[in-house]
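Asker:
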Amino acid sequence: MFDSDLDKCECGNSLWQFVTDNEKKCTKCSKTKPVVEFHKNKKSRDGLRYICKVCRSEYKKSLNFSVDPDLKEKKCCKCSKTKPVAEFYKDKNKPDGLKYDCKVCCSERQKSRNFSVDPDLKEKKCSKCDETKPVAEFSKSKVNSDGLRSICRVCVSEYKKANKDKINERRNQRYKNDPEYKLSRIVRSHMRRIVKETKLQKSKSSFEYLGCTIGEFKEHIESQFVEGMSWENHGYDSWHVDHKVPLDWYVKNHDNPFEANHWTNLQPMWAEDNFSKGNFIKEDCCHL
2 MFDSDLDKCE CGNSLWQFVT DNEKKCTKCS KTKPVVEFHK NKKSRDGLRY ICKVCRSEYK
62 KSLNFSVDPD LKEKKCCKCS KTKPVAEFYK DKNKPDGLKY DCKVCCSERQ KSRNFSVDPD
122 LKEKKCSKCD ETKPVAEFSK SKVNSDGLRS ICRVCVSEYK KANKDKINER RNQRYKNDPE
182 YKLSRIVRSH MRRIVKETKL QKSKSSFEYL GCTIGEFKEH IESQFVEGMS WENHGYDSWH
242 VDHKVPLDWY VKNHDNPFEA NHWTNLQPMW AEDNFSKGNF IKEDCCHL
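Count along the sequence shown from 1, add 1, and you get the number used in my numbering.
1. For Gln268, which three-state DSSP category applies?
2. With respect to the beta strand (DSSP E) encompassing Trp240, which residues constitute its N-terminal and C-terminal limits?
3. Take Lys177 as the anchor and find which of Leu201, His235 and Ala261 has the nearest alpha-carbon.
4. For Leu201, count the other beta carbons within 10 Å of its own beta carbon; 16 or more makes it buried, fewer makes it exposed. Which is it?
5. Using the C-alpha atoms, what's the distance from Val246 back to Asn262?
6. If you count every other CB in all the chains shown that lies within 10 Å of the CB of Lys73, and 16 or more means buried, which is it?
7. Counting C-beta neighbours from all protein chains within 10 Å, is the total for Pro96 16 or more, i.e. buried, or is it exposed?
8. Please name the residue, chosen from His241, Asn254, Glu138 and Ser146, that lies closest to Cys156 on a Cα-to-Cα basis.
9. Can you tell me which of Lys219, Trp240, His221 and Glu217 puts its alpha carbon nearest to the alpha carbon of Glu228?
10. As an exercise, report each continuous alpha helix (DSSP H) stretch of at least 4 residues that is fully enclosed by the region 46-84, in chain order.
11. Under 8 Å: do the region 205-221 and the region 250-266 share three or more Cβ pairs, one atom per stretch?
12. Who are the Cβ neighbours of Ala272 in its own chain at under 7 Å, not counting the five residues just before and after it?
13. Would you report the Cα separation of Ser158 and Ser277, rounded to the nearest angstrom?
14. From which residue to which residue does the beta strand (DSSP E) around Glu24 run?
15. Under three-state DSSP, which class holds Thr214?
16. Relative to the C-alpha of Lys41, which candidate in Cys30, Cys53 and Ser140 has its C-alpha closest?
17. Measure the CB-CB distance between Lys1 and Tyr90 and report whether it falls below 7 Å.
18. May I have the straight-line CA-CA distance separating Lys100 from Lys112, to the nearest angstrom?
19. Using only the alpha-carbon positions, how far apart do Asp102 and Ser58 sit?
20. Assuming Lys1 is part of the beta strand (DSSP E), what are its boundary residues?
21. Put Glu273 into one of helix, strand or coil per three-state DSSP.
22. For Glu233, collect the residues of the same chain with a Cβ closer than 6 Å to its Cβ; drop the 5 residues on either side in sequence, then sort them by chain order.
23. Let me check one thing: in DSSP terms, what residues is Lys29 bridge-paired to?
24. Report, in whole angstroms, the separation of the C-beta atoms of Cys30 and Cys77, which I expect to be a contact under 8 Å.
25. Go ahead and pull the three-state DSSP assignment for Lys141.
26. State the Cα-Cα distance for the pair Arg189 and Cys27, rounded to the nearest angstrom.
27. Could you please give the first and the last residue of the uninterrupted beta strand (DSSP E) stretch that includes Lys134?
28. For Ser128, which option in Phe39, Lys75 and Tyr182 has the closest C-alpha, if you only look at C-alpha atoms?
Written as structure tokens, this is what we have:
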């Protein structure tokens with residue numbers, strides 16, 4: 002059953018539901034709720050979905066698709082190449098638990114969109130609180146066509162405060178199970194350290210300084226794994242993502258210390274070796 006089917010369920014003979022006094026009746030739970038409790042839908046006459054946010058969330062949870070453990074490879078619908086399942090993002094809404102397009106194609110599609118903030122846009126309505134606010138009240142987003150998130154900063158902040166434990170648990174699980182997410186966190190952490198120690202501001206994104214995609218960076222690190230290294234045992238007491246030329250050297254001696262985070266300067270290294278290495282620079286790294 003798709004969202005459109007779910008929207009229509011339990012509607013009786015009347016498909017259209019009209020908004021009265023800023024309230025609407027959910028066709029799933031039959032409760033009358035404020036319109037802010039319904040997601041928007043341009044295809045419906047009142048501009049809202051037929052089912053409330055709570056019912057839609059419960060429905061999506063009930064799908065509960067997981068990646069088929071017997072599935073080893075999959076064909077990308079975009080490039081038509083057959084690749085290992087690790088090259089596809091997870092998607093609980095898909096029958097096999099994976100997106101139709103591979104990570105490379107997803108990344109290229111996202112780059113092609115790369116929306117920027119409309120300079121003529123002065124105000125925007127928040128999809129959560131339904132208030133119209135100045136664009137400065139919305140964080141930037143490369144996904145949305147106007148270059149801004151659909152929810153205002155206040156609503157995002159309130160959600161994070163109300164769901165702090167849930168968000169942290171989700172992040173921790175993703176950090177544990179998703180190597181690319183883990184690497185992106187590590188890259189950003191290195192950048193924050195440089196900003197903190199130098200008081201400089203980045204002129205590019207963290208990943209532009211990295212010089213490759215996260216997927217390519219993951220392959221670069223994996224290509225240097227020695228026996229015993231894996232993403233499962235990465236950590237403080239096991240192995241680190243190390244700078245060949247130390248970060249401290251770049252901070253103290255380089256005109257652009259952010260270049261320390263270029264992929265060519267990063268490698269996996271056992272924690273014990275990294276601790277003993279300190280700020281020592283090998284001769285074959287001096288050209289960097």
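Where a beta carbon is used, it is the ideal one built from N, C-alpha and C, also for glycine.
Answerer: Taking the structure as given:
1. The answer is strand: DSSP assigns Gln268 an E or B state.
2. The continuous beta strand (DSSP E) containing Trp240 extends over residues Trp240 to His244.
3. Nearest option by C-alpha distance: His235.
4. Per the 10 Å Cβ criterion, exposed.
5. Answer to the nearest angstrom: the Cα atoms are 10 Å apart.
6. So Lys73 counts as exposed.
7. So Pro96 counts as exposed.
8. Nearest Cα to Cys156 within the set His241, Asn254, Glu138 and Ser146: Glu138.
9. That would be Trp240, whose Cα lies nearest to the Cα of Glu228.
10. Fully enclosed alpha helix (DSSP H) runs of 4 or longer: 54-64.
11. Contact between the region 205-221 and the region 250-266 is present, because at least three Cβ pairs lie under 8 Å.
12. Tyr237, Asp238, Ser239, Trp240 and His241, listed in sequence order.
13. If I take the Cα positions, the gap works out to 42 Å.
14. If you look at Glu24, you'll find it in the beta strand (DSSP E) that goes Glu24 to Lys26.
15. In the structure shown, Thr214 sits in coil (DSSP, three-state: anything other than H, G, I, E or B).
16. When each option's Cα is compared against that of Lys41, the closest is Cys53.
17. Outside the displayed span of the chain (2 to 289) sits residue 1, for which this structure offers no information.
18. Whole-angstrom Cα-Cα distance: 18 Å.
19. The straight-line gap from Cα to Cα measures roughly 24 Å.
20. Any property of residue 1 remains undetermined from this structure, which presents the chain solely from 2 to 289.
21. In this structure, Glu273 counts as helix in the three-state DSSP scheme.
22. Within the same chain, Glu233 has no close Cβ partners at all.
23. Per DSSP, none; premise fails for Lys29.
24. With a contact defined as Cβ atoms closer than 8 Å, Cys30 and Cys77 miss out at about 39 Å.
25. Looking at Lys141 - three-state DSSP - the assignment turns out to be strand.
26. Between the alpha carbons of Arg189 and Cys27 lies a distance of about 42 Å.
27. Note, Lys134: beta strand (DSSP E), Thr133 to Pro135.
28. For Ser128, the closest of Phe39, Lys75 and Tyr182 by C-alpha to C-alpha distance is Phe39.
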